[in-house]
Structure formats: structure tokens, C-alpha cells
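I have placed the structure first, in the form of C-alpha cells, so that the comments after it can refer back to it.
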Amino acid sequence: MTLTIPMFQPDEAFAYQLDAQDDLASFRTQFVVDDPNLIYLLGNSLGRLPHAAASRLQTFVNEEWGKRLIRGWNEGWFSQPNELGAKIAHLIGAHPDEVIIADSTSVNLFKLALAAVRGQHGRTTILTDNLNFPSDLYILSGVAQLAGPEYHLQLITSPDEIYGPVAALQEALNERTALLSLSATVFKSSYSYDMAALTAKAHEYGALVLWDLSHATGAIPLNLAAAEVDLAVGCTYKYLCGGPGSPAFLYVRRALQEKLQNPISGWIGQNNPFALGLAYEPAPGIQQFLTGTPSMLSLVALEAGVDLLLQAGMERVRAKSVRQTEYIIYLWEQWLEPLGFCLKSPREARWRGSHVALGHPEGLRISRALKESLNVLPDFRKPDNLRFAAAPLFNSYHDIYQAVIRLRRVMDEQLYTHYPTEAPVVT
Ligand SMILES: *Cc1c(COP(=O)(O)O)cnc(C)c1O
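Following my numbering, the residues of the sequence shown are numbered contiguously, the last one being 1071.
Set out below in C-alpha cells:
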């Protein structure tokens, strides 16, 4: 797609004009907006609640759980991880039988990484970068440890901590690389890898590739089939709006489904769970990557957000996301750069996901002043990053304008100086 950079103007009337021209503006009414004065730019951490998710949960609790009880498993519950997986497959350019909902992102990463490494005889390196999410690094390091003493995790560092170290990763690939595992869109800077190019490079050396799509799903149009991706995992409570702790998804390319083995071989991934046989035999296809009973309450809450994204279409979502992050960067140039904020995300839309990180030495206290005094919710990531996410389904251009205006107020009135310098538990 071509990304045109629109001209912006630094006044409120222009923000309203952008909203008036926005063909996705009406999607905001599909979400619960309890406090119209709250500026919520955290769709990359926890998406807003879709009205349809609230009513689906209520129906599920009252009608299905309450009245159908255990009969529900044979009346549609059991196939929900597959059916919802197929919808997510549509969002990420995969085949419907390549995606399933299960567990958390971290647990899925563990299952697929260990399965991949064990399937790669004689190869002992897992390759990743320091822009990856810490949980992913902990899991990958644990996988290397479990796999055996000859295995190790090789961490490639990004010199500027904004752009992915692509050339260094390519140089590190060799015939001993078992697995390359990265975040497709990185959580701090929002740098987004060229998945197809890097996957192809890894394949030249016979390595498997496992992408974490947590910050990319619902934000960027993905095409896992075209990129020939082997394995992927992703989170559903961010841009998919699945609700706090909603179950994650995992993707295994068809050709690998029978070759790899789920290391957490529980009964729901067994060929015939209700035969209750004593020996484990994996179910065919993607099914074997399940482990235990699906979390039905969280599963049913997830469908509404996915449906809204499918309705909007990822190309339109991306077009708005690019324009909104460009707008954040434009307002940063106008007003925030002179106040000491630096841009900690790629300047070119092509390399950026749907959030923008700004750095400021007082980032932690500034984020607290925004949250606690001025009703703006961005988040803070060490050492000095404030992250502002554009979730195109519910964020308006006026949200962005207001966030920057209030941020200026924090600086002009030095509101951040009223807050302590130590961090609360959740930032
Ligand atoms: C949000 C996120 C996760 C979340 O992991 P959980 O196990 O669901 O808590 C994992 N990886 C990345 C890259 C994320 O952004």
C-alpha cells in the first residue's frame, strides 16, 4: 500500500476536521465510553470494552452456563478455540486451520519454541534481540536451558534501541541456528520488522522462525501465508479488545503441525480426550497444541473485538493508524520537541506499528501527572518512554490533540514536580 503523509495543522478545529473525514469514526460507538473526558491511548495494552462483548458475556453466563451447564460443551463450546482461531487467522493472513486460541502468550511461546528446538536436530542456538518483550526473553532462555547444556540464547542488541538490528541478526544466522524468535512489532519503540524478508533469510540457513504478534495483531495487516511464517503467537487483550487476561492465540504452519510436538501434552490436545486412554497420542492438526480445558468466559468475550476489526478491514485500520501516528509525530514536532521530548519510534510509517514512544528524562513523573491530574492514560516504559497508542477503532484525532494539549500543560505548569520519582508497581 502507498502511505501518503497528510498535511496537518496545529489547532483544535483541524482535529475535528480529521474526525469528520474519518470513515472509521462510527466504530467508536461500538465501545463503552464511560467518561468522555478521559483520553485513553492504551489500546496497545488493554483495548476498550466492546458493547457486544458485555452482552455476549451476560448471555453466556445466564443462558449457557446457567441453563445448559455441562451440555454446553457439546452445544458449541468445545469448538470455540478453533472457530475464534479461524477468525483471527483471517486478520493475520493465515489459513483457518492454522490458528487456535489457548493459554497465555507466554505459555504458547514456550510450547512452540520448545517444540521447534526439539524438531531441529543438531542446531543449538536460539536467536533473538534486546527489543523483544522481557517475558519472551525469559521464556526463550528457559527453553534453551530445558533443551540441554549445549543450547543457548543469543541476544542481538539494537544500538539505538529503536530500530531492529536487522543486519546483525542476518549475520548471526548460521547452520547452528535452531530458531529465530522476535516481536513483529516491538513493545517499546513500535519498530516493525519486515517479517517476510527476515523469515526468508532464516529459512536460507534452515532455521525456523517464531514471531510474537502481540503488538501487531489488529494494528498492522499481516500475511503469514505469503511470508511463509513457521510459527507465531499473539495476545488478544491489546488491539483485539478481548478483555483483561483474555486467552492468547498460536499459529503453526500446516506443514509443521504433524512434525512438531507440543511439550505440554495435556488431555485436550490428545487425539480422543474423552476415551481417557492411558497413553498420550497427539490430536491431528492444530488441535494438539491445546493443553487443558478452554477458558470459556474469556473466550466468549473475545469474539466481539475480532468481529469489529474484520468489519472495519485491516487495510482501513492501518491507513487510519498511520495517519494518527503521523499526527502524534507532527504535534510532537510542533510543541513537544522544544520542551525536551525526543522521538523514540521510527520516523517513517513503514517501520512503525500503531503506537509512538516519546522520551523525556522526567517521563515517569510526567506520565503520573497525566494520569492522576489530567485524565489522560498513556503508559510509561523504563527508562524514559511514554507510549501513546492509536487504536483506530475507538481513538479519535481529537483524543490525540487533547492528549498533547494536556501534556503541554503538565510541562508549562510543571505539574509533574508534585509527584515522587519512584515507580508504582504497574506503570
Ligand atoms: C503483551 C505481550 C505479551 C503478553 O504475554 P502474556 O503471557 O499474555 O502475559 C507477550 N509478548 C509480547 C510481545 C507482548 O507484547
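We put the beta carbon where it would ideally sit given N, CA and C, even for glycine.
| said: What does the Cβ neighbour count give for Ser1040, buried or exposed, with the cut at 16 atoms within 10 Å? | reply: The residue you call residue 1040 lines up with position 396 of the sequence shown. So Ser1040 counts as buried.
| message | Given 7 Å as the limit, tell me if Ala892 has its C-beta closer than that to any heavy atom belonging to ligand 1. | response | Locating residue 892 in the sequence shown gives position 248, counting from the first residue. Yes, the Cβ of Ala892 comes within 7 Å of a heavy atom of ligand 1.
| task | State yes or no: is the C-beta of Val1070 within less than 8 Å of the C-beta of Ala1047? | result | Working through the sequence shown from its first residue, we reach residue 1070 at position 426. Working through the sequence shown from its first residue, we reach residue 1047 at position 403. The answer is no: Cβ separation not under 8 Å.
| query | Closest to Leu690 by CA distance: which of Ala963, Ala919, Leu884, Tyr971 is it? | reply | Position 46 of the sequence shown, counting from 1, holds the residue named residue 690. Taking only the C-alpha atoms, the option nearest Leu690 is Leu884.
| said: Applying the 10 Å Cβ sphere with the 16-neighbour rule, what's the burial state of Ile714? | reply: Here residue 714 corresponds to residue number 70 of the sequence shown, with the count starting at 1. Exposed, because fewer than 16 other Cβ atoms sit within 10 Å of the Cβ of Ile714.
| said: Using 8 Å for Cβ pairs, my map puts Ile806 next to Thr829. What's the rounded Cβ distance? | reply: Within the sequence shown, residue 806 is the residue found at index 162, counting from 1. Within the sequence shown, residue 829 is the residue found at index 185, counting from 1. The pair is not a contact, with the Cβ atoms about 13 Å apart (cut-off 8 Å).
| query | Would you call the CB atoms of Leu693 and Val676 closer than 8 Å? | reply | By 1-based counting over the sequence shown, the position of residue 693 is 49. By 1-based counting over the sequence shown, the position of residue 676 is 32. It is a contact, given that the beta carbons lie within the stated cut-off.
| task | Can you have a look at Cys879 and say buried or exposed, based on whether 16 or more other CB atoms are within 10 angstroms of its CB? | result | Against the sequence shown, residue 879 aligns to sequence position 235. By the neighbour-count rule (16 or more Cβ atoms within 10 Å), Cys879 is buried.
| query | Per DSSP, Asp856 forms a beta bridge with which residues? | reply | Here residue 856 is taken as the residue at index 212 of the sequence shown, counted from 1. According to DSSP, which records beta bridges pairwise, Asp856 is partnered with Ser827, Val877.
| the segment 967-977 in contact with the segment 912-927 per 3-pair CB rule at 8 Å | no
| Given a threshold of 16 other Cβ atoms within 10 Å of its Cβ, counted over all protein chains shown, does Met651 qualify as buried or as exposed? | One-based indexing of the sequence shown puts residue 651 at position 7. Counting Cβ neighbours within 10 Å, Met651 comes out exposed, since fewer than 16 surround it.
| Quick one: Cα of Pro1022 to Cα of Lys1015, how far? | To locate residue 1022, count along the sequence shown from 1; it is residue 378. To locate residue 1015, count along the sequence shown from 1; it is residue 371. Spanning the two alpha carbons is a distance of roughly 8 Å.
| said: Please list the terminal residues of the continuous alpha helix (DSSP H) segment that includes Leu946. | reply: Locating residue 946 in the sequence shown gives position 302, counting from the first residue. 940-956 is the span of the alpha helix (DSSP H), which, as asked, contains Leu946.
| said: Considering only their Cβ atoms, is the gap separating Gly1003 from Cys986 smaller than 8 Å? | reply: Residue mapping note: residue 986 aligns to position 342 of the sequence shown, counting from 1. Residue mapping note: residue 1003 aligns to position 359 of the sequence shown, counting from 1. Yes, Cβ-Cβ distance for Cys986 and Gly1003 is below 8 Å.
| query | Does DSSP put His999 in a helix, in a strand, or in coil? | reply | Position 355 of the sequence shown holds residue 999. In the structure shown, His999 sits in a strand (DSSP, three-state: E or B).
| query | Residue range of the beta strand (DSSP E) that Gln798 falls in? | reply | Taking the sequence shown and counting its residues from 1, one reaches residue 798 at position 154. It spans 796-800 - the beta strand (DSSP E) in which Gln798 sits, taken as one unbroken run.
| Euclidean distance between Cα positions of Arg762 and Ala791 | Start at 1 with the first residue of the sequence shown, and residue 762 comes out as number 118. Start at 1 with the first residue of the sequence shown, and residue 791 comes out as number 147. Those two C-alpha atoms are separated by around 7 Å.
| Environment of Gly766 [buried if 16+ CB atoms lie within 10 Å] | For the purposes of this step, residue 766 is taken as the residue at position 122 of the sequence shown. By the 10 Å Cβ count, Gly766 comes out exposed.
| Can you check whether the CB of His739 is closer than 8 Å to the CB of Ala945? | If you number the sequence shown from 1, residue 945 lands on position 301. If you number the sequence shown from 1, residue 739 lands on position 95. Result no, Cβ atoms of Ala945 and His739 do not sit closer than 8 Å.
| message | Tell me which residue opens and which closes the alpha helix (DSSP H) that Asp773 is part of. | response | Sequence index remark: in the sequence shown, residue 773 carries index 129 (1-based). Asp773 -> not in any alpha helix (DSSP H); beta strand (DSSP E) instead, spanning 769-773.
| Residues near Phe831 in its chain [Cβ-Cβ closer than 7 Å; skip 5 each side] | Stepping through the sequence shown from its first residue, residue 831 is reached at position 187. Correct list, in chain order: Phe777, His859.
| CB of Arg1053 within 8 Å of CB of Leu1059, strictly | Stepping through the sequence shown from its first residue, residue 1053 is reached at position 409. Stepping through the sequence shown from its first residue, residue 1059 is reached at position 415. Yes. Within cutoff.
| Quick check: the segment 1030-1039 against the segment 982-1002, are there 3 or more CB pairs under 8 Å? | yes
| field | Cα-Cα separation, Arg820 to Gly850 | value | Stepping through the sequence shown from its first residue, residue 820 is reached at position 176. Stepping through the sequence shown from its first residue, residue 850 is reached at position 206. Those two C-alpha atoms are separated by around 9 Å.
| said: I'd like to confirm something about Val1024: is its beta-carbon nearer than 7 Å to some heavy atom of ligand 1, or not? | reply: The sequence position of residue 1024 within the sequence shown is 380, counting from 1. First, the residue type needs correcting, since residue 1024 is Phe and not Val in the sequence shown. No, the Cβ of Phe1024 stays beyond 7 Å of every heavy atom of ligand 1.
| Leu756 beta carbon less than 8 Å from that of Leu875 | Within the sequence shown, residue 875 is the residue found at index 231, counting from 1. Within the sequence shown, residue 756 is the residue found at index 112, counting from 1. Yes, they are a contact pair.
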